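S.K.: As numbered in the working numbering, the sequence shown has no gaps in its residue numbers, which increase by one up to the final residue, 468. Dumping the structure here so I can ask a few things about it.
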Amino acid sequence: MTESQFSYDAPTARQIIETVGSHGIPPRLGFETFTVGLDPYLTVIDQDYLSSFIRDGGASFKLVIGAYGGGKTHFLYSVNNLASGRGFVASYVTLSHEENPFHQMERVYSAVIRGLQLPSGGKKNTPATRQSTAPGESEAGGGESKQTETSGEHRRPGRPRKTISPDTSRSGENSGLDHLLRRQVAQWSEQLVAKGLSGAELQEAILEQAVLSTTDLESLGFATAIKEAVAALLMNRDPDYQVILQWLLAIGYERNIHRQFGLLYPVDRSQALTSLRSLTKWIRQLGYPGLVILFDEAEQIPSLSGKQRDIMLSNLRELIDECGHGSLRGTMIFYAVPDETAFEGRTNVYEALKQRLSTIFDFLNPTGVRIRLEDLGIHPKLLLEQIGVKLAAIYRTAYATSFHDEDVHKAAKLLAEAAYDQRFGDVGYKRLFVQTMVRALHTLRIKPDTQLDQTWAKSIMQGTVG
3 MTESQFSYDA
13 PTARQIIETV
23 GSHGIPPRLG
33 FETFTVGLDP
43 YLTVIDQDYL
53 SSFIRDGGAS
63 FKLVIGAYGG
73 GKTHFLYSVN
83 NLASGRGFVA
93 SYVTLSHEEN
103 PFHQMERVYS
113 AVIRGLQLPS
123 GGKKNTPATR
133 QSTAPGESEA
143 GGGESKQTET
153 SGEHRRPGRP
163 RKTISPDTSR
173 SGENSGLDHL
183 LRRQVAQWSE
193 QLVAKGLSGA
203 ELQEAILEQA
213 VLSTTDLESL
223 GFATAIKEAV
233 AALLMNRDPD
243 YQVILQWLLA
253 IGYERNIHRQ
263 FGLLYPVDRS
273 QALTSLRSLT
283 KWIRQLGYPG
293 LVILFDEAEQ
303 IPSLSGKQRD
313 IMLSNLRELI
323 DECGHGSLRG
333 TMIFYAVPDE
343 TAFEGRTNVY
353 EALKQRLSTI
363 FDFLNPTGVR
373 IRLEDLGIHP
383 KLLLEQIGVK
393 LAAIYRTAYA
403 TSFHDEDVHK
413 AAKLLAEAAY
423 DQRFGDVGYK
433 RLFVQTMVRA
443 LHTLRIKPDT
453 QLDQTWAKSI
463 MQGTVG
């Protein structure tokens, strides 16, 4: 990468260097500027899945395997960007025993819906407004469906808003269900105002769009909550909206309060997958091509108890089956783990899961499940060298400095060899490399006459260079 290829400004470049140098992790903004070796995997994911199969209503699960500090998060961020560029809604979820444990699916669902990210430019497959319900088409029925239709009627009267601005969110965040709802209502409003609607007629038309978007959702509670949330937004009933949002996000249930909105039960373990299926279908019915979910294991799975591990594996098997059975249309799930030891065992749940995870994903077998980040088709040391050169370009912008190209390449080569020698250590060698490469760039900026050799590389790797 040359300086001209680095498109971010100095403050952003500085933040990239700070994050990489301090923690060895990729920043959410700018990680692609030092991405190396992932193109073959990303090309297959794009061409064989996001641009075709998933967009057409298919579903798929992939297991990403990479050691801690081995590029798991960087890979997931790359898929996230790819999905966003293709118009998908995405959700990146960090899994851990304390936060979003996979043996508690209701908390996982909550994390997914809280982490929703709209695609760049708000791209969609189809127009955001729908004309009407098709003949014979109705919402999934039952006694609760009747309650759903009547639960909000007595709250609809009020002074309607002429239009709703996309930036009405108080937080100003561009992610999460709150942002998605506000933006969707804003889009409906703008489109309908352009057709000449106003006042009460506009309000009713927006509510009709909300009803149409929830047609045939499996969870009647989810459908009810979406319609009630839209009604609350239209009439500036913020306290009501926050209560409904609390239910949708599965972060609390107050029976006496939520029942007033037709929400008769919480999103608990028994409702988690039903709610997830309803979420994915609703997203597609809004006009997006689908949902890409990115699970990132933040700690060793062995920290779970035996019972928790069995439940976690059973949940994972069920999620894989949901994809295989087509229940999660337009959904692609990536589950990143540091190794495969969690799936080793002799009980039925282990065997059932291993059978589902046995195939290897690559260019010649895109239907394979396991994506191995060590099998990138490029020697690890060469990969590290290329990353080092890219980091140097970012560093130049961050500190408004310059280096001799030969010094950068030599430092990257020496540190790549030293880091790769540590590949069996506790810290992932890729993480170790990027941290020490930043340290080396600091050294070259402050002491440009530093002698670069194996002794220097070993010292800087051990943190003993002054």
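Glycine included, C-beta positions come from ideal geometry on N, C-alpha and C. Only a predicted model underlies this, so the values are computations on that prediction, with no experimental measurement involved.
1. Assuming Tyr2 and Pro268 are in contact, meaning their beta carbons sit under 8 Å apart, how far apart are those beta carbons, in whole angstroms?
2. What does the alpha-carbon distance come out to for the pair Leu219 and Arg286?
3. Kindly give me the distance between the Cβ atoms of Ala252 and Glu108, rounded to whole angstroms, as I take these residues to be in contact under 8 Å.
4. Ignore the nearest five residues each way along the sequence and tell me which others in Ile470's own chain have a CB closer than 6 Å to its CB.
5. Work out the CA separation of Arg319 and Ile362 for me, nearest whole Å.
6. Should Leu247 be flagged as near chain C, meaning a C-beta pair shorter than 8 Å?
7. What separation, rounded to the nearest whole angstrom, lies between the Cα atoms of Arg279 and Leu293?
8. Quick one: residues in its chain with C-beta nearer than 8 Å to the C-beta of Leu434, no 5 flanking neighbours on either side, listed in chain order?
9. Determine the extent of the beta strand (DSSP E) in which Ser62 is found, giving its start and end residues.
10. When burial is assigned at 16 or more other CB atoms within 10 Å of the CB, is His105 buried or exposed?
11. Classify Gln211 as buried or exposed, calling it buried when 16 or more other Cβ atoms lie within 10 Å of its own Cβ.
12. Sort Lys460, Gly178, Lys449 by Cα distance to Thr438 and report the nearest one.
13. In the DSSP assignment, what residue or residues form a beta bridge with Gln119?
14. Note down the Cα distance separating Val22 from Pro28, rounded to an integer number of angstroms.
15. Which residues in the same chain as Ala85 place their Cβ atom closer than 7 Å to its Cβ, once the five residues preceding and following it in sequence are excluded?
16. Take Ser177 as the anchor and find which of Ile56, Ser122, Val410 has the nearest alpha-carbon.
17. Give me the DSSP bridge partner(s) of Ile373.
18. Among Leu454, Asp298, Glu324, whose alpha-carbon lies nearest the alpha-carbon of His99?
19. Mind reading off the beta-carbon distance from Trp249 to Leu236? Whole number of angstroms is fine, and I expect it under 8 Å.
20. Per DSSP, Glu299 is paired with what?
21. Whole-angstrom Cβ separation of Val232 and Val187, contact assumed at under 8 Å?
22. Pull up the DSSP beta-bridge partners for Leu318, would you.
23. Round the Cβ separation of Leu2 and Phe336 to the nearest angstrom and send it over; I've been treating them as touching at under 8 Å.
24. Over the uninterrupted alpha helix (DSSP H) stretch that includes Tyr422, give me the two end residues.
25. Suppose contacts are defined by Cβ-Cβ distances below 8 Å. Is Ala338 in contact with Leu179 by that definition?
26. Does the beta-carbon distance from Gln2 to Ser221 come in below 8 Å?
27. Determine the direct distance from the alpha carbon of Pro103 to that of Ile448, and round the result to whole angstroms.
28. Does the Cβ-Cβ distance between Gly73 and Lys432 come in under 8 Å?
29. Check whether the Cβ of Val410 lies closer than 7 Å to any heavy atom of the ligand SAM, and answer yes or no.
30. Rounded to the nearest angstrom, what separates Thr403 and His444 at their Cα positions?
31. Does Ser307 pass the burial test, meaning 16 or more other C-beta atoms within 10 Å, or should it be called exposed?
32. From Leu330, Tyr290, Gly201, Thr343, pick the residue whose C-alpha is nearest to that of Leu315; which is it?
33. Specify, as a first and last residue, the run of the alpha helix (DSSP H) that Met439 falls within.
34. Can you look up Thr466 in the DSSP assignment and give me helix, strand or coil?
35. What is the DSSP secondary structure of Val339, counted as helix, strand or coil?
M.R.: So, from the listed chains and residues:
1. Look at the range of the chain in this structure, 3 to 468, and you will see that residue 2 is not part of it.
2. 11 Å
3. 6 Å
4. Residue coverage of the chain in this structure runs from 3 to 468, which leaves residue 470 outside it and unanswerable.
5. When rounded, the distance between both Cα atoms is 17 Å.
6. Absent here is chain C; the protein component of the structure consists of one chain.
7. 11 Å
8. Gly26, Gly71, Ala421, Gln424, Gly427, Met463
9. 61-67
10. buried
11. buried
12. Lys460
13. Answer is Ala92, Ser177, bridged to Gln119.
14. 6 Å
15. Leu52, Ala92, Val294
16. The option with the nearest alpha carbon to Ser177 is Ser122.
17. Val66
18. Asp298
19. In fact, because the Cβ distance is near 18 Å, the residues do not count as touching under 8 Å.
20. Leu97
21. 6 Å
22. Bridge partners of Leu318: none, in fact.
23. This structure gives no information on residue 2, because the portion of the chain shown stretches from 3 to 468.
24. In this chain, the alpha helix (DSSP H) harbouring Tyr422 covers 407-422.
25. In this structure, Leu179 does not lie closer than 8 Å to Ala338 by Cβ.
26. Nothing in the structure corresponds to residue 2, since the chain is present only between 3 and 468.
27. 45 Å
28. Closer than 8 Å, so yes.
29. As presented, the structure is devoid of all ligands, the ligand SAM included, so that no description of it is given.
30. One alpha carbon belongs to Thr403, the other to His444, and they sit about 11 Å apart.
31. The residue in question, Ser307, is exposed, as its Cβ has fewer than 16 Cβ neighbours within 10 Å.
32. Thr343
33. Annotation for Met439: the continuous alpha helix (DSSP H) segment containing it runs 431-448.
34. coil
35. Here Val339 sits in strand by DSSP.
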